[in-house]
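Asks: In the UniProt record's numbering, the protein residues as written are 1 to 444.
1) Would you list the residues sitting across from residue 263 in a DSSP beta bridge?
2) So for residue 240, helix, strand or coil by DSSP?
3) From which residue to which residue does the alpha helix (DSSP H) around residue 196 run?
4) Are residue 433 and residue 246 closer than 8 Å when you measure CB to CB?
5) Quick check: what's the CA-CA separation for residue 175 versus residue 135?
6) Which one or two residues does DSSP pair with residue 209 in a beta bridge?
7) Mapping DSSP to helix, strand and coil, what is residue 204?
8) Just verifying my parser: in three-state terms, what is the DSSP assignment at residue 96?
9) Take the Cβ of residue 182 as the centre, count every other Cβ of all protein chains shown within 10 Å, and call the residue buried at 16 or more, exposed below.
10) Within a Cβ cutoff of 7 Å, which residues of the same chain sit near residue 373, ignoring the five residues on either side of it in sequence?
11) Determine the burial state of residue 386: buried for a count of at least 16 other Cβ atoms within 10 Å of its Cβ, exposed for fewer.
12) What is the rounded straight-line gap between the Cα of residue 71 and the Cα of residue 82?
13) Looking at the structure shown, is residue 435 part of a helix, part of a strand, or coil, going by DSSP?
14) If you follow the alpha helix (DSSP H) that residue 420 is in, where does it begin and where does it stop?
15) Measure the alpha-carbon distance for residue 67 versus residue 392 and round it to whole angstroms.
16) For residue 62, does the three-state DSSP call read helix, strand or coil?
17) Please work out which residues of its chain come closer than 8 Å, Cβ to Cβ, to residue 258, disregarding the five sequence neighbours upstream and downstream, and give them in chain order.
18) Tell me, please, whether the stretch 110 to 117 touches the stretch 329 to 343 by the rule of three or more beta-carbon pairs shorter than 8 Å.
19) Measure the alpha-carbon distance for residue 256 versus residue 263 and round it to whole angstroms.
20) State the Cα-Cα distance for the pair residue 379 and residue 158, rounded to the nearest angstrom.
21) Go through its chain and collect everything with a Cβ distance to residue 244's Cβ below 8 Å, but skip five positions before and after it.
22) With three or more beta-carbon pairs closer than 8 Å as the criterion, would you say the stretch 184 to 198 touches the stretch 166 to 175?
23) Can you grab the Cα-Cα spacing for the pair residue 443 / residue 414, in whole Å?
24) Flag this pair as touching only if the stretch 274 to 284 and the stretch 317 to 326 have three or more C-beta atom pairs under 8 Å; answer yes or no.
25) Between the C-alpha atoms of residue 291 and residue 57, what's the straight-line distance to the nearest angstrom?
26) Residues in its own chain within less than 7 Å of residue 422 by CB, not counting five upstream and five downstream?
27) DSSP three-state label for residue 106, please.
28) Per the DSSP calculation, residue 52 is bridged to which residue(s)?
29) Give me, in chain order, the residues of the same chain whose beta-carbon lies closer than 6 Å to that of residue 149; leave out the 5 immediate sequence neighbours on both sides.
30) Nearest CA to the CA of residue 305: which residue from 161, 234 and 156?
31) Can you list, in chain order, the residues of its chain whose CB lies under 8 Å from that of residue 87, leaving out five sequence neighbours each side?
32) Name the DSSP beta bridge partners of residue 316, please?
33) Pull up the CB-CB distance for residue 399 and residue 215, whole angstroms please, since I reckon it's below 8 Å.
34) Taking C-beta to C-beta, are residue 280 and residue 164 nearer than 8 Å?
35) Does the beta carbon of residue 118 fall short of 7 Å from some heavy atom of the ligand ZN?
36) Which partner residues of residue 305 appear in the DSSP bridge assignment?
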């Protein structure tokens, strides 16, 4: 059943727009006909084509861009099927594995694209590469490319920062961390300050928003000297039991064991922990900046660079979601028309960043995005644009591209949880290495 969507004026939300006439051009790359991959956006009779989008970012994230693109492409309508992030992979595997034609568009996380493409689940959209190269940041194309072909349209890029509660730091007599690359703290300093905040009365010192997930923890491991966890031909050789990985594991276990970071919460609870004043340092993506300013913590927070380990490299995460077209969709050209509108036009890209406020990879939309964020939280985000540019150019580490990434992430997330709950890092990671070796050997 189609969910009820609140119609909104996206131009008012964005503060910068492109004429709908230009937007509509994304829907004129094919002539008439049906929407089964041979061209056009109708069923051949001029009737409306309804597309189904499977995604995990919340219905409200996609509502603005659906409004924009339905206006630009009058014969296309889009219905959303929204599932929790933790269930998305299972949905994709069960439904596309059964060649389910009811899904047309799929939100795809870059390191999972090789597996999906190798199984034939994603349509090859390489003939749109020239348009992508013209409109998007060059680095974003790597995230959707597998064996020289493009299998999705990039939407956002990303970074992670330390968001802090000013009141809790004031109560502990802790100076606010600086906002620039030159001000970057070490993990040792942040851990000490978080413990001091707890000692002064804060309920919790620090926590990663995405608890036990590889995306935010990979840069911490890299700063400790650890590799990406997968290496060798096709990134199918595990390497997670090295001394540097164990060193990271000791730190991760300790911050939870001594109460600096809370144990018994998951990724769905961490943001509320911060906005309700129960967390001094919140290690998170910038997508929630608008929500922070709407919360009871409005103007009571700041943001600082992601730390590094003393003596180690500065490492930050990058890449984010893209949108792919199901190879089993019977409406592939209509799906591609919508994807082009959503990602290859400035208004579509800004609409996709208007609620879930990650930086768009569309080159024209990116400056407008930073301008809007500056209007929402001018003091807290004063150094954001410059810091993001430095992180992206100098410090970004990509997750490993591999047909075995889904298996890798599933197993490594369990290892992180085991260490968070007190497991001995050397033992946990040795066992994890063995498990990954067994799983990945089947894919070589």
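Ideal Cβ placement from N, Cα and C applies to all residues, glycine included.
Replies: Here's the rundown:
1) Counted from its first residue, the chain shown places residue 263 at position 263. Per DSSP, none; premise fails for residue 263.
2) If you number the chain shown from 1, residue 240 lands on position 240. Coil.
3) Numbered from 1 along the chain shown, position 196 holds the residue referred to as residue 196. Segment 187 to 199, the alpha helix (DSSP H) holding residue 196.
4) To locate residue 433, count along the chain shown from 1; it is residue 433. To locate residue 246, count along the chain shown from 1; it is residue 246. No, they are not a contact pair.
5) Reading the chain shown from its first residue, position 175 is the one you call residue 175. Reading the chain shown from its first residue, position 135 is the one you call residue 135. Between residue 175 and residue 135, the C-alpha separation is close to 42 Å.
6) Here residue 209 is taken as the residue at index 209 of the chain shown, counted from 1. For residue 209, which the question treats as bridged, DSSP gives no partner whatsoever.
7) To locate residue 204, count along the chain shown from 1; it is residue 204. Coil, per DSSP.
8) Locating residue 96 in the chain shown gives position 96, counting from the first residue. If DSSP states are grouped into helix, strand and coil, residue 96 belongs with the helices.
9) Sequence index remark: in the chain shown, residue 182 carries index 182 (1-based). Result: exposed.
10) Along the chain shown, read from residue 1 onward, the residue named residue 373 stands at position 373. 289, 357, 381 and 384, listed in sequence order.
11) Your numbering for residue 386 matches position 386 in the chain shown. Per the 10 Å Cβ criterion, exposed.
12) By 1-based counting over the chain shown, the position of residue 71 is 71. By 1-based counting over the chain shown, the position of residue 82 is 82. Residue 71 and residue 82: Cα-Cα distance of roughly 22 Å.
13) The residue you call residue 435 lines up with position 435 of the chain shown. Helix, per DSSP.
14) Along the chain shown, read from residue 1 onward, the residue named residue 420 stands at position 420. Start and end: 405 to 420.
15) Reading the chain shown from its first residue, position 67 is the one you call residue 67. Reading the chain shown from its first residue, position 392 is the one you call residue 392. C-alpha separation (whole angstroms): 31 Å.
16) Start at 1 with the first residue of the chain shown, and residue 62 comes out as number 62. Note: residue 62 maps to helix in three-state DSSP.
17) On the chain shown, residue 258 is found 258 positions in, with the first residue counted as 1. The answer, listed in chain order, is 195.
18) no
19) Here residue 256 is taken as the residue at index 256 of the chain shown, counted from 1. Here residue 263 is taken as the residue at index 263 of the chain shown, counted from 1. Residue 256 and residue 263: Cα-Cα distance of roughly 6 Å.
20) Taking the chain shown and counting its residues from 1, the one referred to as residue 379 is at position 379. Taking the chain shown and counting its residues from 1, the one referred to as residue 158 is at position 158. Approximately 21 Å, taken between the alpha carbons.
21) Numbered from 1 along the chain shown, position 244 holds the residue referred to as residue 244. So the qualifying residues of the chain are 221, 224, 225, 226 and 227.
22) yes
23) Here residue 443 refers to the residue found at position 443 of the chain shown. Here residue 414 refers to the residue found at position 414 of the chain shown. For residue 443 and residue 414, the distance between alpha carbons rounds to 21 Å.
24) no
25) In the chain shown, residue 291 corresponds to position 291, counting from 1. In the chain shown, residue 57 corresponds to position 57, counting from 1. Distance between the alpha carbons of residue 291 and residue 57 is about 14 Å.
26) Sequence index remark: in the chain shown, residue 422 carries index 422 (1-based). Same-chain partners within the cutoff: 253 and 257.
27) Residue numbering aside, residue 106 sits at position 106 when the chain shown is read from its first letter. Three-state DSSP puts residue 106 in a strand.
28) Here residue 52 refers to the residue found at position 52 of the chain shown. For residue 52, which the question treats as bridged, DSSP gives the partners 79.
29) Mapped onto the chain shown, residue 149 falls at position 149. So the list reads 124 and 126, once near-sequence residues are dropped.
30) On the chain shown, position 305 is the one that residue 305 refers to. The candidate whose alpha carbon is nearest that of residue 305 is 161.
31) On the chain shown, position 87 is the one that residue 87 refers to. Cβ within range, chain order: 56.
32) Here residue 316 refers to the residue found at position 316 of the chain shown. BP columns for residue 316 point to 396.
33) Looking up residue 399 in the chain shown gives position 399. Looking up residue 215 in the chain shown gives position 215. With a Cβ gap of about 7 Å, residue 399 and residue 215 count as contacting.
34) For the purposes of this step, residue 280 is taken as the residue at position 280 of the chain shown. For the purposes of this step, residue 164 is taken as the residue at position 164 of the chain shown. Yes. Within cutoff.
35) Although the ligand ZN was asked about, the structure shown includes no ligands whatsoever.
36) What you label residue 305 is simply residue 305 of the chain shown in a count that begins at 1. According to DSSP, residue 305 bridges with 161.
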